[in-house]
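Novice: All residue numbers for the sequence shown refer to this note's numbering, where the first residue is 71 and numbers rise by one.
Heads up, the beta-carbon is just placed ideally off N, CA and C, and yes, glycines get one too.
Owing to the predicted nature of the structure, the values given are computational and were not obtained by experimental measurement.
My questions will all concern the structure given below.
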Amino acid sequence: VNLWLHGKQTSVPLDTVRTYKKEVTVQELDLKARHYLHEKYNLYNPDAFGGKIQRGLIVFETSRKHSASYDLYAAEGKGADTILRI
């Protein structure tokens, strides 16, 4: 798990998104990642980081060539609504 804040890599416990399922969906990983970010950094609190959180990118890479990435704050277009089928 790689988390970058202000251009610096931050350590994140593997348990954050760990699963023992053979097949896992992007939705499940997204929920775990967002939960961690909200608990640790108040992701959805407008006062977190002085109200300056304006962007965030989630990228899921697999051992296969498939990957998914989207902006945490994008509500329309080719983002979470397309990838996560919201």
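The alpha helix (DSSP H) spanning Y140 covers which residue range?
Specialist: To locate residue 140, count along the sequence shown from 1; it is residue 70. First-last for Y140: 137-141, but that is the beta strand (DSSP E), not the alpha helix (DSSP H).
Novice: Assuming Y114 contacts H108 under a Cβ cut-off of 8 Å, what Cβ separation, rounded to an integer in Å, is found between them?
Specialist: Counted from its first residue, the sequence shown places residue 114 at position 44. Counted from its first residue, the sequence shown places residue 108 at position 38. Right, their Cβ atoms sit about 6 Å apart.
Novice: Nearest-angstrom Cα distance between S137 and D117?
Specialist: Position 67 of the sequence shown, counted from the first residue, corresponds to residue 137. Position 47 of the sequence shown, counted from the first residue, corresponds to residue 117. Each residue's alpha carbon lies about 32 Å from the other.
Novice: Are there 16 or more other CB atoms within 10 angstroms of the CB of D85, so buried, or fewer, so exposed?
Specialist: Here residue 85 corresponds to residue number 15 of the sequence shown, with the count starting at 1. Exposed, by the Cβ-count rule.
Novice: With H, G and I counted as helix, E and B as strand and the rest as coil, what does DSSP make of T86?
Specialist: Within the sequence shown, numbered from 1, the residue matching residue 86 stands at position 16. Three-state result, T86: helix.
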